[in-house]
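So the sequence shown is numbered by this note's numbering: it starts at 158 and just counts up by one. All remarks here apply to the structure that follows.
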Amino acid sequence: MEKKEKSGYYITVNFHEQTLTLLRFGWIDHEDWKAQKSATGQASGLDDTVYKHKLLEISGDYRLDSPVGIVEGIGDKTSKDFSEEGVQTIRDIKNYKGRNSKILKFKEKLSEYEV
Numbered sequence: 158m159e160k161k162e163k164s165g166y167y168i169t170v171n172f173h174e175q176t177l178t179l180l181r182f183g184w185i186d187h188e189d190w191k192a193q194k195s196a197t198g199q200a201s202g203l204d205d206t207v208y209k210h211k212l213l214e215i216s217g218d219y220r221l222d223s224p225v226g227i228v229e230g231i232g233d234k235t236s237k238d239f240s241e242e243g244v245q246t247i248r249d250i251k252n253y254k255g256r257n258s259k260i261l262k263f264k265e266k267l268s269e270y271e272v
């Protein structure tokens with residue numbers, strides 16, 4: 158049986174629970190794939206440089222529904238603090254009208270999630 162060529166256009170999907178958090182699209186060469194280290198399973202992975210240089214992020218409103226915990230710098234404690242203010246998604250941060258200085262700081266940093 159002939160081995161299937163892995164080079165081609167791909168869409169990658171990141172999600173948290175049932176929420177779509179990031180879509181990427183681009184050409185991935187056969188050599189970009191890294192075999193799974195364990196002998197069990199069929200998973201292959203990609204190096205961070207492939208994600209950075211070969212896959213374009215697809216922007217869209219869907220990213221605003223991502224949980225605040227995926228934002229760099231927001232851990233479990235900060236997520237809990239935000240939740241107490243009614244802020245659970247990136248959209249909630251963007252629309253925040255309160256006075257919590259920590260939430261306001263992250264609101265200023267949301268340019269990467271602009272659609």
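Quick reminder that beta carbons are idealized off the backbone N, C-alpha and C, glycines included. Note that this is a predicted model, so its numbers are computed, not measured.
Beta-carbon gap between residue i and residue j smaller than 8 Å
i    : j    : result
T235 : K259 : yes
I247 : L267 : yes
Alpha-carbon to alpha-carbon, residue j and residue i
i    : j    : result
K194 : I227 : 26 Å
E174 : K161 : 31 Å
E136 : T178 : Coverage of the chain is limited to positions 158 through 272, which leaves residue 136 absent and any answer about it impossible.
G217 : S223 : 12 Å
I168 : A200 : 16 Å
E188 : E229 : 30 Å
W190 : S164 : 9 Å
I215 : T206 : 17 Å
V225 : V244 : 8 Å
L203 : S240 : 34 Å
Buried or exposed by the 16-neighbour rule on C-beta atoms within 10 Å, applied to residue i
i    : result
R256 : exposed
F172 : exposed
V170 : exposed
D249 : buried
Segments of 3+ residues assigned as beta strand (DSSP E) that fall wholly inside the stretch 195-240: Within the stretch 195-240, the complete beta strand (DSSP E) runs of at least 3 residues are 201-203, 213-215.
Three or more C-beta pairs closer than 8 Å, one from the stretch 201-215 and one from the stretch 179-189: is that the case here? Output reads yes: the stretch 179-189 touches the stretch 201-215.
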